[in-house]
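K.L.:
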């Protein structure tokens, strides 16, 4: 019996039926056949590969930032990474192919400017990438549809987003950075950046806050408090001084709350920082709310008296009415604010206290407002930021009963008139002061310096003064400035331990990366390691993408060779 494996066909040729053509007939018929693959090959030779026609990394980019110093620091970091990856930064929006708009959500006018800039960019056929607090807090706004967004904690991935926007894609990165489930302060502090002023380094010490103010939209974007470790902040300061910086600004949504989430506090950080500040260089502390600074008044007074720390503190009061402060959920009363100011004025002679006031908050009565007026009259703040209340969408204050618009305008006007009725610096005329010169005035007629109390002092313009600590005699005082004349035979002192970077130069690069940029060589070698592409669950950096591209090109060439040989 034949097995199952036994073949019923003894030879493969037995499968050919009598009706099939003979091999000779098949050969003769082949001569009349035109191989179609030849035509396909010609098409491949004449067609371009169907890939993106725009090569990212070569375009000119204009960066526009609105808002606080924290936002400005973010803008500097984004510009630095883009420049390090090969993009060309420009101050002229008309010549830029990409607009990176870094927004502020504190007040309606700032968002209006942001929205108008988006429309202007679209009208001019610019590629648009959005950043900052507005899209982070409200990414589903109609006027943001279809646009690429880089979140406030994702600025280290700005190159990825811009690359995709240049190619016509829409990308949105809005997630929070976490480590083991714990929220981090944000992107790394050692990223490349382009300082707007090469002499000034802005360091964000934390992001978010512990409050829940009913009028604040920034909370929706920046979230709860997340502090950077002290060691990272000290390292960033050291790196800045090594790059010629002579002034550091510490910034955040509330510097006074620093460290509460990581088991430390602001004075501890400040004492560590003053250890690494070169002689003659200065540190400026950013805004702090009253509740948290109250716990550290003794230490803060000692720090603000330090010769390398400006005797300056920005403490927003917002209102002198306890009723209004309660509706704002500010978590302090006006007596707390007075205690902070009185203590520091006593322990830090000459200190400058800056503050903010909101006029026309919902429910504010005329009596409430007059209490605020009396506070300003009593303290005669030399620096006062007066803001008419604007209800921000999505905040509890927007749902409260609003003060009439004409009342808000009137109160804003009345408080502004009071502020401009006194000159806080008249008594300074005739003083001899040491000032640190860091920038040019807006009218370019003077150099701008600051004395120990962070009062603005205008001095004669000259390259010999920029970045120097000089001695001046004060001969004129205005509402917001002093004018100083350099003392004869007084030698300027250079606090910087290195030559500052050129304006527009990228900070934080290795020597190899800096040399590549200087020689006009851009691309993968000069990119931060965090730049790349996320495909599914695989992350490819620029070098890997380059290798992938080479591999695909080789594979295409081999395939073309095989096709040609086969046919």
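In our numbering, the protein residues as written are 62 to 628. All C-beta atoms, glycine included, are put in the ideal place defined by N, C-alpha and C. Source: prediction; values computed, not measured.
Kindly examine the ligand PLP and report whether one of its heavy atoms sits closer than 6 Å to the Cβ of residue 203.
P.N.:
You won't find the ligand PLP in this model; it holds no ligand whatsoever.
K.L.:
Going by DSSP, what residues sit across from residue 507 in a beta bridge?
P.N.:
521
K.L.:
Could you tell me the boundaries of the alpha helix (DSSP H) in which residue 279 lies?
P.N.:
Note, residue 279: alpha helix (DSSP H), 279-283.
K.L.:
In the region 361-430, which residue ranges form an unbroken alpha helix (DSSP H) of at least 4 residues, counting only runs that do not cross its ends?
P.N.:
383-389, 395-408
K.L.:
Determine, using beta carbons only, whether residue 422 comes closer than 7 Å to chain C.
P.N.:
Any reference to chain C falls outside this structure, which holds one protein chain only.
K.L.:
When the Cα of residue 465 is compared with those of 421, 315, 439, which residue comes out closest?
P.N.:
421
K.L.:
The beta strand (DSSP E) that contains residue 570, what's its start and end?
P.N.:
First-last for residue 570: undefined, no H or E at that position.
K.L.:
So what's residue 32 in DSSP terms, helix, strand or just coil?
P.N.:
With the chain running from 62 to 628 in the structure shown, residue 32 is simply not present.
K.L.:
What residues match up with residue 211 in a beta bridge as DSSP calls it?
P.N.:
234
K.L.:
Answer yes if the region 273-293 comes into contact with the region 302-312, meaning at least three C-beta pairs across the two stretches below 8 Å, and no otherwise.
P.N.:
no
K.L.:
Can you tell me which of 298, 355, 191, 511 puts its alpha carbon nearest to the alpha carbon of residue 331?
P.N.:
298
K.L.:
Just the C-alpha distance for residue 441 and residue 497, rounded to the nearest angstrom, thanks.
P.N.:
25 Å
K.L.:
Identify whether residue 451 lies in helix, strand or coil by the three-state DSSP scheme.
P.N.:
coil
K.L.:
From the DSSP output, read off the bridge partner residues of residue 270.
P.N.:
285
K.L.:
Can you tell which of 365, 446, 418 has its C-alpha closest to the C-alpha of residue 411?
P.N.:
365
K.L.:
Quick one: what does DSSP say residue 531 is sitting in, helix, strand or coil?
P.N.:
strand
K.L.:
Going by Cα to Cα distance, which pick from 530, 438, 523, 488 is closest to residue 543?
P.N.:
Looking at the Cα atoms, 488 is the closest of the given residues.
K.L.:
Does residue 480 come out as helix, strand or coil in the three-state DSSP assignment?
P.N.:
helix
K.L.:
Would you give the residue range spanned by the beta strand (DSSP E) that residue 311 belongs to?
P.N.:
308-312
K.L.:
How about the region 393-402 and the region 445-460: do they share at least three Cβ pairs that are nearer than 8 Å?
P.N.:
no
K.L.:
Rounded to whole angstroms, what's the CA-CA distance from residue 517 to residue 477? Just pull it up for me.
P.N.:
Each residue's alpha carbon lies about 20 Å from the other.
K.L.:
What residue range is occupied by the uninterrupted beta strand (DSSP E) comprising residue 547?
P.N.:
Element bounds for residue 547: 543-547.
K.L.:
Taking the alpha-carbon positions, what's the residue 108 to residue 192 distance?
P.N.:
Legend: pLDDT at residue 108 = 41, less than 50; position of this residue unreliable, no value from coordinates given.
K.L.:
Ordered along the chain, which non-local residues of its own chain (more than five positions away) have a Cβ less than 7 Å from that of residue 252?
P.N.:
Cβ neighbours of residue 252 within its own chain (closer than 7 Å, five residues either side excluded): 138, 141, 142, 217, 569, 589.
K.L.:
Would you kindly work out how many angstroms separate the C-alpha atoms of residue 526 and residue 408, rounded to a whole number?
P.N.:
32 Å
K.L.:
Does DSSP put residue 146 in a helix, in a strand, or in coil?
P.N.:
coil
K.L.:
Could you check where the beta strand (DSSP E) with residue 164 kicks off and where it finishes?
P.N.:
159-164
K.L.:
Since residue 180 and residue 158 should fall inside the 8 Å C-beta cutoff, what is the C-beta to C-beta distance between them, to a whole number of angstroms?
P.N.:
Between residue 158 and residue 180 the Cβ distance is about 18 Å, and since that is not below 8 Å, they are no contact.
K.L.:
Hey, quick one: how far does the alpha helix (DSSP H) through residue 295 stretch, first residue to last?
P.N.:
Run containing residue 295: 291-303, per the alpha helix (DSSP H) assignment.
K.L.:
Taking 8 Å as the limit between beta carbons, can you name the residues of its chain near residue 127, skipping five residues before and five after?
P.N.:
Only 163, 164, 165, 171, 174, 175, 193 meet the Cβ criterion.
K.L.:
Which residues in the same chain as residue 384 place their Cβ atom closer than 7 Å to its Cβ, once the five residues preceding and following it in sequence are excluded?
P.N.:
Sequence-distant Cβ neighbours of residue 384 in its own chain, meaning closer than 7 Å and more than five residues away, are 429.
K.L.:
Could you check if residue 592 is buried or exposed, using at least 16 other CB atoms within 10 Å of its CB as the buried criterion?
P.N.:
Reliability fails at residue 592, whose pLDDT of 38 lies under 50, so the model's placement of it is uncertain and the value that follows must be treated cautiously. Buried, because 16 or more other Cβ atoms sit within 10 Å of the Cβ of residue 592.
K.L.:
In three-state DSSP terms, what is residue 557?
P.N.:
coil
K.L.:
To the nearest angstrom, how far is the alpha carbon of residue 314 from that of residue 245?
P.N.:
15 Å
K.L.:
Should residue 505 go down as buried or exposed, given a rule of 16 or more other Cβ atoms within 10 Å for buried?
P.N.:
exposed
K.L.:
CA-CA distance, residue 303 and residue 457?
P.N.:
46 Å
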